[in-house]
Amino acid sequence: MNYIDSSLKVVGTRPIRPDGVDKVTGRAVFAADTRASGMLWGKIKRSPHAHARIVSIDTSKAEALPGVRAVVTSADFPDIASEEAFVGEGPMNFRDLSLNVMARGKALYEGHAIAAVAASTQAIADAALELIDVQYEVLPHVIEVEAAMAPDAPILHDDLFTAGVTPAPTKPSNIAKVVTFKKGDADAGFAEADVIVEGRYTTQPVHQAYIEPHACLVTYAPDGQITIHASSQGHFMIRAYTAKLLGLEMSNIRVNPAEIGGGFGGKTLIYLEPVAVALSRKSGRSVKMQMTREEVFRGSGPTSGATIEVKLGAKKDGTIVAAKQVLKFQAGAFPGSPIGPGCMCGFAMYDLPNVDVVGYDVVSNRPKVAAYRAPGAPITSFGVESAMDELAIKLGMDPLTLREKNAATNGTKTHYGPTHVNIGFTAVLAAVKSHPHWKSPLKEGHGRGLATGFWFNIGGESTATVHVNEDGSIVAATGSPDIGGSRASIGMMVAEVLGVSAQHVRTVVADTASIGYTFVTGGSRVTFATGMAATQAAEKVVDELKRRAAATWDIPVEAVEWKDGMAYPAGSNAGAFEPLDLASLALKQARTGGPINAEVSVNAQGAGAGFGAHICDVSVDKETGHVKIERYTAIQDVGKAIHPSYVEGQIQGGAAQGIGWALNEEYIYNAKGQMENAGFLDYRVPVASDVPMIEAVLVEVPNPRHPFGARGVGEVPIVPPMAAIANAIRSATGLRMPDLPMSPPKVRAAIDAAG
Amino acid sequence: MPKVVLSSGSAGQSFTGGQTEFEVEATTFRRLILELEKRFPGLGRQVEESMAIAIDGEIFQDAYAAELKPGSEIYLIPKIGGG
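So the protein sequences, as listed, match chains P and D.
Each residue of the first sequence is one higher than the one before, starting from 2 at the first, in the working numbering.
Each residue of the second sequence is one higher than the one before, starting from 741 at the first, in the working numbering.
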């Protein structure tokens, strides 16, 4: 059923968030809060070298230390074969994943796991790590992407040959893959252009910087049954990957989803769980593991850093006739950067006749990259949207007008092939135009930037159940970890269908043994896909409630209608009966057929693409190079905002993370390839004083493929900020900052260089 | 017969010798996979494992039943994840 044009009573309102009280009072149980009787502490020994052959590992002294119950190395894990699969948030090779969880033969980055111990206390575990003797043959390393692409670069993998080129190469390379997208004839397009701009931009790898480090508690029981408590974006993902890496049957693993303290894509991989299982199996005891913040930086994946070359050609009237882009993405130690979406997203906002995009997926001696909100899109858009600003300047055209002139609409054929349908980009630009921020005069010394962004959003597999409790209250259970407010949004959709208040529905995240398979929380998919399953389950429950009312009244089910949470006779011919509410029907459920519930599993399709536009005002301290965000407005087509406060929060959060990416965040390596700022003191994420109140403006162009019109919202807002800020700095100072982060030393240096 | 375009950014072209457009006797995504595998061994699996299909602008992932119609715009593109 479709409710897009219905009069809605719950969807679109702002009830109190269901997880709020537990979180603000400290009662919410995160993975690090879990304990088990006789529990051991697991710790990981990590490589101090960026690239080294592991000559030998001697664990005997560690094993002899009193209190140590188990030590594991790669010898305790199956040496699994290369197997490509698309099972998490992107293409995954299980062998690479296994080698990332525990190095075998070579350490490929500083922080790579080499061995692990389980001991009765954390202090003993730490002491045991020191007693593990690892002999290395240190190899030359390479950190930066273009250095890794050089012909004489140290090669990370002898068996990695560049895919996507012909003829097939015969020598191994750090370039894992080359992808190309072409539309029309870019060279011909540039030949007819009146104005051409070209730029080279760089972005740094940035960490998702979730506040909660990775943590888990694992119990391997004597009968081989494994229980895992873990924080992740997908407990089914943890089950599947752990089973795969250890050669176990999934039915022997039960994963309980802990409350999650942020993920943003970074928790769509596993790091600790297979190690904890191996330690628990060996020791016969429960094993708790949790990363320190330093380990999070050294051992888990940021998103790619990149170089981006952009060339745009336009007619004098602003019509863009050609576009080119070359993207070089760092993948970290194993292939798998988001180069595909990077190549597809940069120009997706525009209707362009001639486009040529080439992308490179490149390994280097850094932690394997992980997904981060709209993987690849913020990187590519930093280049494209900076270049769009340069084009507007060169044309003498308002940057919004330039974007309006070239905006993608329904029917625009993208450079990667498909035609856009049901998109709201022009509505977003119209909202920019009419917004007081855009119309307001600039204050003295301030600069204003505009940038836009696109993300696909996805659907996928989800399961939801809806139960009517014996008193008529409702439980909705799903397999989707709640990262961005999905318990609220799903409960609200269920409540809307059932005709009850949101407070009447309790939404829970069920463990892997208690609900059907559900894909990870990522790709901005949960309110769309799991919401679709929950809506359908609620509709099934309504059908069942009508049958129960019909049975109670002894009339045909067709003569019953459901309205405002109650069954009514459908007209006078059906009979004169008092309406039956949920409590009344639940009270008699045994007599009318037993428990009332429904489970629905879907593989949701039709996720509507999302578009956003951000307006940013900055001031620049010319003595220090400090950039202050003075005003920030983020406008986005969200389809239908199920719970507008959460949607606004997603947009504000994405913009805040983008501000950090733009202004401060970077990995600093020394000459040995070791990270020198692995902590929040030196890796500077935005703090409250860095970020003004971000005004989130919701544009609602309904997605017709969702019962309530929802689109994913969580990823688009991190796409525009970097270019919006760079463009604002350009406006304030006349200086183009092509390299992230635009930190005070860099801005100051650019000011000095300009004289 | 529906015409299918293999997006230029896909790894699938290594199976086709560079050919990117095909007319395929198929009414569903599943049949398309089977036909492509028959015509270019290895391509069907590549498509099934790592590609999505966009039909008239709507992207379907892991959907055997997605319906292909003559005259529809049909693209095979890299599968999309997210963060």
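We put the CB at the ideal spot given by N, CA and C, even for glycine.
Beta-carbon spacing of residue i, residue j below 7 Å
i        : j        : result
D:ALA794 : P:PRO419 : yes
P:VAL69  : P:ALA129 : yes
P:CYS217 : P:LEU273 : yes
P:SER487 : P:ALA530 : no
P:LEU682 : P:PRO742 : no
P:GLY106 : P:ARG47  : no
D:GLY823 : P:GLY523 : yes
P:ALA315 : P:GLY190 : no
P:VAL118 : P:ALA108 : no
P:ALA37  : P:THR243 : no
P:VAL510 : P:ASP472 : no
P:ALA550 : P:MET494 : no
P:ASN678 : P:TYR684 : yes
P:GLU138 : P:VAL196 : no
P:ALA371 : P:GLU716 : no
D:GLU765 : D:LYS743 : no
P:ASN407 : P:ILE321 : yes
P:PHE809 : P:ALA608 : Any question about residue 809 of chain P goes unanswered here, given that chain P covers just 2 to 756.
P:VAL30  : P:GLU260 : yes
D:ILE817 : D:LEU808 : no
P:PRO693 : P:ILE630 : yes
P:ALA725 : P:HIS615 : yes
P:GLY165 : P:LYS178 : yes
P:TYR647 : P:PRO206 : no
Other residues of its chain near residue i: CB distance less than 8 Å, five sequence neighbours each side excluded
i        : result
P:ILE695 : TYR633, THR634, ALA635, ILE652, GLN653, ALA656, ALA657
P:LYS172 : PHE162
P:GLU147 : THR308, LYS329
P:ASP186 : ASN355
Own chain residues within Cβ distance below 6 Å of residue i, not counting five before or after
i        : result
P:MET103 : SER75, PHE78, ALA114
P:LYS317 : ASP195
D:ILE799 : ALA792
P:PRO745 : THR625, GLY626, HIS627
Nearest-angstrom beta carbon gap, residue j and residue i [assumed within contact, 8 Å]
i        : j        : result
P:ILE719 : P:PRO342 : Incorrect: roughly 13 Å between the Cβ atoms, too far for contact.
P:GLN331 : P:ARG367 : 6 Å
P:ALA432 : P:TYR351 : Not really, about 18 Å apart at Cβ, beyond 8 Å.
P:GLY347 : P:THR381 : 4 Å
P:VAL542 : P:VAL469 : 6 Å
P:HIS230 : P:ASN253 : With a Cβ gap of about 16 Å, P:HIS230 and P:ASN253 do not count as contacting.
P:HIS142 : P:HIS52  : 4 Å
Top-ranked residue by Cα proximity to residue i, from the options
i        : options                                : result
P:GLY461 : P:THR519, P:ALA32, P:GLU600, P:ILE261  : P:THR519
P:GLU199 : P:TYR221, P:LEU451, P:VAL73, P:VAL385  : P:VAL385
P:ARG712 : P:GLU64, P:ASN423, P:ASP134, P:ALA571  : P:ASN423
P:GLN606 : P:ALA277, P:ALA194, P:HIS707           : P:HIS707
P:ILE133 : P:GLU716, P:ILE58, P:PRO739, P:GLY319  : P:ILE58
P:VAL11  : P:PRO722, P:TYR202, P:SER502, P:ALA571 : P:SER502
P:ILE597 : P:GLN504, P:TRP554, P:LEU499, P:ASP555 : P:LEU499
P:VAL363 : P:VAL25, P:ARG54, P:GLU145             : P:GLU145
P:ALA539 : P:ILE340, P:THR479, P:TYR569           : P:THR479
P:PRO703 : P:GLY264, P:MET738, P:ALA642, P:HIS158 : P:ALA642
P:THR508 : P:GLU497, P:ALA477, P:SER515, P:ALA514 : P:ALA477
P:GLY262 : P:GLY165, P:GLY485, P:VAL688           : P:GLY485
P:PRO303 : P:ILE239, P:THR204, P:PRO275           : P:THR204
P:GLU85  : D:GLN786, D:SER812, D:PHE755, D:GLY797 : D:GLN786
P:PRO275 : P:ALA164, P:LYS44, P:ALA53, P:PRO152   : P:LYS44
Within-7 Å CB hit, residue i to chain A
i        : result
D:SER812 : As a matter of chain content, chain A is missing from the structure shown, whose protein chains are P and D.
Close beta carbons around residue i, own chain, < 7 Å, minus the five adjacent residues each side
i        : result
P:GLY82  : Here residue 82 of chain P is Ala; the residue named in the question, Gly, does not match the sequence. So the list reads ARG96, once near-sequence residues are dropped.
P:TYR417 : PHE182, MET345
P:PHE1   : In this structure chain P extends from 2 to 756, so residue 1 of chain P is not present and cannot be described.
P:SER284 : LEU41, ARG70, ALA71, ALA119
P:ARG240 : MET251, ILE254, VAL256, THR513
At least 3 beta-carbon pairs within less than 8 Å: the stretch 282 to 290 of chain P vs the stretch 387 to 403 of chain P | no
Does the stretch 646 to 666 of chain P come close enough to the stretch 193 to 213 of chain P that 3 or more CB-CB pairs lie under 8 Å?
-> yes
At a cut of 8 Å, does the stretch 319 to 327 of chain P reach the stretch 225 to 235 of chain P through at least three beta carbon pairs?
-> no
Please determine if the stretch 768 to 784 of chain D and the stretch 571 to 587 of chain P are in contact, where contact requires at least 3 C-beta pairs separated by less than 8 Å.
-> no
At least 3 beta-carbon pairs within less than 8 Å: the stretch 727 to 737 of chain P vs the stretch 440 to 458 of chain P | yes
Does the stretch 4 to 20 of chain P come close enough to the stretch 232 to 250 of chain P to have 3 or more Cβ pairs within less than 8 Å?
-> no
Flag this pair as touching only if the stretch 744 to 755 of chain D and the stretch 427 to 446 of chain P have three or more C-beta atom pairs under 8 Å; answer yes or no.
-> no
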